[in-house]
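In our numbering, the protein residues as written are 191 to 557.
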């Protein structure tokens, strides 16, 4: 009886993994192909090159003295940003971040200084409450928008009906092979979900939206998933991904940094979904619920499924010393000499730790 249960469990896990990584993405790619020529499809063609009537660029910063000047120059260099306001909001910075912002000679730049650190989401809330523009662009201090990124984001916003927000494509500097393959797959899937109208997350490195559509963020959740989910849940608006608005960003290179980042993002996103459980109702939100389940929840559980599957395989061979030792040697060799394996393991255990933090109610507030 136990052997039958183990076999059924193994088959079920394999089926879930195949569905999560092959069947669901394949279905979305086919659906995107079928809808590609419909009027709400995102495309690089037919740009109208409008500019926002009024725009505020929001940059939350904590101890960013080495990068904030470059970020301000990057925002000032964007096409159609000549009349925009740039708000740098210092979240309890203890270095020279505020002094550097004050030294800016541009009258477009404004500094808001929070004495105590409260987290990125709270800083964004404060800045947006003080903005008076029609549009806002949320961006990270470490990201570098290409000169035409704002123009393309706004074109997409104006071109497609019932749009709540628009996000661009993140381009990482010097990714390894595993990261390059993953992000090619991930960006392709986001593009397909955008065309299908079920996109549930966009990068916080560049989010363009109307200020009136912004809902205050919880301090313990992030903007990249919460904004698209709230737009769908509260206002019935869709989120758009365009792969021609390029934002350059840096990938963490150290295993511990990768682990901590994945842990923080996972726990905060799990909390965000738990507060918006209505979106998991397939009767009210058919495509959105499928995307949340397949692209997010099941994918986050992949490492746990993988560990269970590995244990089941080892029990099949009855933990015989020679096969187990062989597997251990292969894993150790890969960890020591193949950099991609370290990244994979850091991401994997970061996911598991993030889920554990969410279950224990230990979601971090700070970024």
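All C-beta atoms, glycine included, are put in the ideal place defined by N, C-alpha and C.
Exercise. Whose C-beta lies closer than 8 Å to the C-beta of residue 470 among residues of the same chain, with five residues either side of it excluded?
Worked result: The sequence position of residue 470 within the chain shown is 280, counting from 1. Taken in chain order, the residues that qualify are 463, 479, 482, 483.
Problem set entry | Selection from 307, 548, 215, 359 that minimises the alpha carbon distance to residue 438 | As a first step, residue 438 is located in the chain shown; it is residue number 248 there, counting from the start. Nearest option by C-alpha distance: 359.
For this session: Identify, in the order they occur along the chain, each residue of the same chain with its Cβ nearer than 8 Å to the Cβ of residue 363, setting aside the five sequence neighbours on each side.
Result: Locating residue 363 in the chain shown gives position 173, counting from the first residue. Counting only Cβ-Cβ distances below 8 Å, and skipping sequence neighbours, we find 438, 439, 440, 441.
For this session: Count the other CB atoms, across all protein chains shown, that sit within 10 Å of the CB of residue 218; report buried if there are 16 or more and exposed otherwise.
Result: For the purposes of this step, residue 218 is taken as the residue at position 28 of the chain shown. Buried is the call here.
For this session: Within 10 angstroms of the Cβ of residue 215, are there 16 or more other Cβ atoms? Answer buried if so, exposed if not.
Result: Here residue 215 refers to the residue found at position 25 of the chain shown. Classification of residue 215: buried, given that the 10 Å Cβ count is 16 or more.
Exercise. Can you tell me whether DSSP reads residue 337 as helix, strand or coil?
Worked result: Against the chain shown, residue 337 aligns to sequence position 147. Reduced to three states, the DSSP call for residue 337 is coil.
Exercise. Quick one: Cα of residue 552 to Cα of residue 417, how far?
Worked result: Mapped onto the chain shown, residue 552 falls at position 362. Mapped onto the chain shown, residue 417 falls at position 227. Rounded to the nearest angstrom, the two C-alpha atoms are 22 Å apart.
Problem set entry | Neighbourhood of residue 300 by C-beta, 8 Å cutoff - its chain only, sequence neighbours within 5 removed | Stepping through the chain shown from its first residue, residue 300 is reached at position 110. Excluding sequence positions up to five before and after residue 300, its CB lies within less than 8 Å of the CB of 275, 276, 277, 278, all in the same chain and listed in chain order.
Exercise. For residue 300, which residues does DSSP report across the bridge?
Worked result: The residue you call residue 300 lines up with position 110 of the chain shown. 277, per the DSSP bridge assignment.
Problem set entry | DSSP bridge partner residues for residue 438 (one or two, in chain order) | Along the chain shown, read from residue 1 onward, the residue named residue 438 stands at position 248. Beta-bridge pairing links residue 438 to 334, 361.
Problem set entry | Classification of residue 354 by the beta-carbon crowding that lies within 10 angstroms, buried from 16 upward | Start at 1 with the first residue of the chain shown, and residue 354 comes out as number 164. It counts as buried.
Problem set entry | Among 375, 406, 540, nearest to residue 492 - alpha-carbon criterion | Position 302 of the chain shown, counting from 1, holds the residue named residue 492. Checking every option, the nearest Cα to that of residue 492 belongs to 540.
Problem set entry | Cβ distance (whole Å) where residue 270 is taken to contact residue 341 below 8 Å | To locate residue 270, count along the chain shown from 1; it is residue 80. To locate residue 341, count along the chain shown from 1; it is residue 151. Confirmed, about 6 Å.
Exercise. Quick one: Cα of residue 421 to Cα of residue 196, how far?
Worked result: In the chain shown, the residue the question calls residue 421 occupies position 231. In the chain shown, the residue the question calls residue 196 occupies position 6. Cα-Cα distance, rounded: 43 Å.
Problem set entry | Nearest-angstrom Cα separation, counted from residue 488 out to residue 204 | Within the chain shown, numbered from 1, the residue matching residue 204 stands at position 14. Within the chain shown, numbered from 1, the residue matching residue 488 stands at position 298. Their Cα atoms are separated by approximately 12 Å.
Exercise. Starting from residue 400 and walking both ways along the beta strand (DSSP E), at which residues does that stretch end?
Worked result: Your numbering for residue 400 matches position 210 in the chain shown. Residue 400 -> beta strand (DSSP E) spans 396–400.
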